[in-house]
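Student: Sequences listed follow chains A and B, in order. Heads up, the first sequence is in numbering that gives the first Met the number 0, so the first residue is 0 and it goes up one at a time. Heads up, the second sequence is in numbering that gives the first Met the number 0, so the first residue is 0 and it goes up one at a time. Can you read through this structure? Questions will come right after.
There are 2 protein chains.
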Amino acid sequence: MSTLKRLKEKVVVTTEMVKPTSRSMKAVGAFNPGAAEFGSEVVLLVRVAEAAAKKRDGYKSSPRFAGEPGRSEIIIDWSDIAREKAVDKKTGRFPFWQWRLNFVSHLRLARLSADGFTLKYLDDKPTFYPECEWESFGVEDCRITPIEGSYYVTYVAIGLLTGVATALAKTDDFKTFKRLGIIFPQSNKDVVLFPEKINGRYYALHRPMPQHSFSEANIQIASSPDLEHWGHTEFLMGTNKEPWSSAKVGAGAPPIKTKDGWLEIYHGVNTRESGGSAGTYSAGALLLDLNNPSRIITRTKHPILIPQMPYEINGYVGHVVFPEGIVRRGDSVIIYSGCADTCVSAVEVSLNDIFNVLK
Amino acid sequence: MSTLKRLKEKVVVTTEMVKPTSRSMKAVGAFNPGAAEFGSEVVLLVRVAEAAAKKRDGYKSSPRFAGEPGRSEIIIDWSDIAREKAVDKKTGRFPFWQWRLNFVSHLRLARLSADGFTLKYLDDKPTFYPECEWESFGVEDCRITPIEGSYYVTYVAIGLLTGVATALAKTDDFKTFKRLGIIFPQSNKDVVLFPEKINGRYYALHRPMPQHSFSEANIQIASSPDLEHWGHTEFLMGTNKEPWSSAKVGAGAPPIKTKDGWLEIYHGVNTRESGGSAGTYSAGALLLDLNNPSRIITRTKHPILIPQMPYEINGYVGHVVFPEGIVRRGDSVIIYSGCADTCVSAVEVSLNDIFNVLK
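Structure, rendered in structure tokens:
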């Protein structure tokens, strides 16, 4: 298995660069970025995860957002672990706090110079902040697609009542965002939009997670007349036989148009070994029919990026390269990924190299 | 707790009335019907579940549909229980056949006379039959809504690759159906359409099931410009504190318009007692704002129908009243339900009585 030659690579945003939202919080990750060309720059919307700055012995901290639109604040719920650790005998459920994460996420703008590798600006406060009930447990893992002169942001919105859903927002300036609601209800992540209409319809890849999996997590495709309403979901691609993507697959960056088809950089997760650590996340490439994106022309048998650098191997969740953005630079593309749930990398690879392994 | 007075009730379709699709199959249930007024009649689309007619010692039978559109046939997969019963040690998954059901479902037309209680005709072959990959494990639990002169059928479509999703079909005659695709991807059931536009938009109730439940199953509401594409999902109602609907809730019959609001008959499931049998399914009523159906005006604290008749208590899955259809008859409504996953009942109740308990 040989991955692609990395022409250039760099960590562009790290957790250490992030100023916490408040004194009660600390940043524990800056990762999983949406990316897009904006004027002469490349902009990123980086997922920033924050946890309680202090610990309390015997308690678990679960942060969440509360408050009015535009005036949200982070509240930390403290759970007494000893008192609440038992499974509820009647319902068979774990107590609710066990489902809660000890961190919560928002999105922060980073601006890179035209080369796509040099950080010029990182917002010192949240750029896109949870502000409604269905975002109260955070917003995560966005993708940015330029469509008809505006930028559409798909993001994971997590709420107590609506679960892990994907929502849509629109922006023209990366300062103000118009929320367009939940487009793919729970449990659905890894939603990417195609950048233009195909035969009069918009298309999205999405990855609904089954309640009881008789199938594995797989990539599905839906279409829309207006980006806000989606239907005609069809299966696109399931897990692969090759180990690197045998456990889970999901769309990564928004597809880009090439003369040979829509190029989609996706992620695959390998099968967890019995008793071992969580799976390794790698990146592969798919080529979809220009006129019928629900048809796969070909895919890479081997991953094009695997965790190999120290910052991809070590971190909050190690062994993770999670591509979410792609920008063209002549005969190359720069792929923006979250690494080990800790930092953001930019990796330049040759389009020719990708097409060579796609053949 | 007092349920509503049943003015009239009758079992209108039973499993025994159903002619199997082929000699290799036998009907094991005729239940969970969609219902609508059609001309002077009431039509039902009854879910018919069939299992292999014969058993093989040591094997589990899992039927599915295969073949061309319009020429489907049922194939039975036989699994050697002794050989395949182990959990896959590497993936931690049960072998696939353990997720498969030993029956598979299609929809069959029943015609009732104008009184809504007298069976005139039951199709002796499948009326709406699985015919594509995403229906290969069956079509189930439909709802019928008359909209602008046509009938729209939402139904659960089960496929290996797309899981348990809800799809839409349209008919004018209950003989031919135009498929309009999956509208709510996996895992989503209990989808009902409102019968007319509200402020220029169509509305649906749906019930997405989370992958990992930090919330319980709850009813959500979405809207659409054209019935085929859906967005703007919002939370509508979760499980109730009262035991009869404390474990799960889901929309039942399509809402009907009254001067006081949209009347929705929904189902609730009680909390399974530790070590006890599966939950009891009962029916409750909700009243939604005529101009803003995402606003609940009121709901019944107690169920309006609970399993009490022998055919509601005893059957393939006992203790189930599962309402899916409603038809107005003057000051009354007839509610059509699946009973104990075995037969179809019609129960007439007074609208005044419903509104009295809603207040």
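Even for Gly, the Cβ is constructed at its ideal location relative to N, Cα and C.
If the cut is a Cβ gap below 9 angstroms, which residues of chain A does H231 (chain B) touch?
Tutor: L179, G180, I181, I182, E227 and H228
Student: Compare the beta carbon distance of F30 (chain A) and R46 (chain A) with 8 angstroms and say whether it is the shorter of the two.
Tutor: yes
Student: Quick check on the burial criterion: 16 or more other C-beta atoms within 10 angstroms. Buried or exposed for V348 (chain A)?
Tutor: buried
Student: Does chain B have any CB closer than 8 angstroms to the CB of A164 (chain A)?
Tutor: yes
Student: Does at least one heavy atom of the ligand ATP sit under 7 angstroms from the Cβ of L159 (chain B)?
Tutor: What this structure holds is no ligand at all, so the ligand ATP is not there to describe.
Student: Expressed to the nearest angstrom, what Euclidean distance is found between the alpha-carbon atoms of L3 (chain A) and L167 (chain A)?
Tutor: When rounded, the distance between both Cα atoms is 32 angstroms.
Student: Leaving aside the five residues before and after N351 (chain B) along the sequence, list all residues of the same chain whose C-beta is less than 6 angstroms from its C-beta, in chain order.
Tutor: Nothing listed; no residue qualifies.
Student: In chain order, what residues of the same chain have a beta carbon less than 6 angstroms from the beta carbon of K9 (chain A), not counting five sequence neighbours either side?
Tutor: F116 and A345
Student: Answer with yes or no whether the minimum CB distance from N217 (chain B) to chain A is below 8 angstroms.
Tutor: yes
Student: Count the other CB atoms, across all protein chains shown, that sit within 10 Å of the CB of D172 (chain A); report buried if there are 16 or more and exposed otherwise.
Tutor: Answer is exposed; the Cβ neighbour count stays below 16.
Student: Determine the burial state of S60 (chain B): buried for a count of at least 16 other Cβ atoms within 10 Å of its Cβ, exposed for fewer.
Tutor: buried
Student: Are the C-beta atoms of G237 (chain A) and some chain B residue less than 8 angstroms apart?
Tutor: yes
Student: Using CA atoms only, rank isn't needed, just tell me which of A:G28, A:G66 and A:G162 is closest to L106 (chain A).
Tutor: A:G28
Student: Going by the CB atoms, is the gap between L111 (chain A) and V17 (chain A) shorter than 8 angstroms?
Tutor: No. Outside cutoff.
Student: Would you check if the distance between the CB atom of G359 (chain A) and the CB atom of L286 (chain A) is smaller than 8 angstroms?
Tutor: Since the first residue shown for chain A is 0 and the last is 358, residue 359 (chain A) is missing from the structure and cannot be characterised.
Student: Check the Cβ of H318 (chain B) against every Cβ in chain A and list those closer than 9 angstroms, keeping chain order.
Tutor: Neighbours of H318 (chain B) on chain A: none; closest Cβ ~18 angstroms, over 9 angstroms.
Student: Less than 6 angstroms between C-beta atoms, sequence neighbours within five positions excluded: which residues of the same chain meet that for G274 (chain A)?
Tutor: Low local confidence applies: a pLDDT of 40 at G274 (chain A) is under 50, so the model's placement there is unreliable, and no value is given.
Student: Note down, in chain order, all residues in the segment 196 to 209 of chain A with a beta-carbon under 8 angstroms from any beta-carbon belonging to chain B.
Tutor: With the criterion set as a beta carbon lying under 8 angstroms from some beta carbon of chain B, the members of the segment 196 to 209 of chain A are H205, P207, M208 and P209, in sequence order.
Student: Looking at C-beta atoms only, is the number of pairs between the segment 196 to 208 of chain A and the segment 148 to 156 of chain B that lie closer than 8 angstroms three or more?
Tutor: no
Student: Check this for me: beta carbons of K256 (chain B) and P194 (chain B), under 8 angstroms apart or not?
Tutor: yes
Student: Sort A:Q219, A:S149 and A:T13 by Cα distance to L121 (chain A) and report the nearest one.
Tutor: From the listed residues A:Q219, A:S149 and A:T13, the smallest Cα separation to L121 (chain A) is found for A:T13.
Student: Across the segment 66 to 81 of chain B and the segment 314 to 334 of chain A, are there enough close Cβ pairs to call them in contact, namely three or more that are closer than 8 angstroms?
Tutor: Result no; under three Cβ-Cβ pairs closer than 8 angstroms.
Student: From this set, B:I295, B:S223, B:K258 and B:E49, which residue's C-alpha is nearest F64 (chain B)'s C-alpha?
Tutor: Ranking B:I295, B:S223, B:K258 and B:E49 by Cα distance to F64 (chain B) puts B:E49 first.
Student: Grouping DSSP H, G and I as helix and E and B as strand, with all else coil, what is V244 (chain B)?
Tutor: Checking the displayed sequence, the identity of residue 244 (chain B) turns out to be Ser instead of Val. Helix at S244 (chain B).
Student: To be precise: take each residue of the segment 97 to 114 of chain A, compare its Cβ to all Cβ atoms of chain B, and keep it if any distance is under 8 angstroms. Which residues remain?
Tutor: W98 and R99
Student: Would you please verify whether the beta carbon of P224 (chain B) is less than 8 angstroms from any beta carbon of chain A?
Tutor: yes
Student: Where do the N-terminal and C-terminal ends of the beta strand (DSSP E) with L304 (chain A) fall, by residue?
Tutor: That residue, L304 (chain A), is in no beta strand (DSSP E); it is neither H nor E in DSSP.
Student: Where do the N-terminal and C-terminal ends of the beta strand (DSSP E) with E147 (chain A) fall, by residue?
Tutor: Counting along the chain, E147 (chain A) falls outside any beta strand (DSSP E), and DSSP gives it neither H nor E.
Student: Taking all protein chains shown into account, do 16 or more other C-beta atoms lie within 10 angstroms of the C-beta of H228 (chain A), making it buried, or fewer, making it exposed?
Tutor: buried
Student: Rounded to the nearest angstrom, what separates S276 (chain A) and K247 (chain A) at their Cα positions?
Tutor: The predicted model places S276 (chain A) with a pLDDT of 49, which falls under 50 and marks its position as unreliable, so this point remains unresolved.
Student: Any C-beta of chain B within less than 8 angstroms: which residues of the segment 48 to 75 of chain A qualify?
Tutor: none
Student: In chain order, what residues of the same chain have a beta carbon less than 8 angstroms from the beta carbon of N269 (chain A), not counting five sequence neighbours either side?
Tutor: P242, W243, S244, S245, A246, G278, T279 and S281
Student: Cutting at 6 angstroms between CB atoms, please list the residues of its own chain near R178 (chain A), excluding the five before and the five after it.
Tutor: A168
Student: Measure the beta-carbon distance from V51 (chain A) to I75 (chain A) and round it to whole angstroms, keeping in mind my assumption that it falls under 8 angstroms.
Tutor: The amino acid at residue 51 (chain A) is misidentified as Val; the sequence shows Ala. Going by Cβ atoms, the distance from A51 (chain A) to I75 (chain A) rounds to 5 angstroms, so yes, they are a contact pair.
Student: From the DSSP secondary-structure annotation, give me the bridge partner or partners of L43 (chain A).
Tutor: A:A34 and A:A109
Student: Quick one: list the residues of chain A neighbouring T360 (chain B), beta-carbon separation under 7 angstroms, in chain order.
Tutor: Residue 360 (chain B) lies beyond the stretch modelled for chain B, which goes from 0 to 358, so this question has no answer here.
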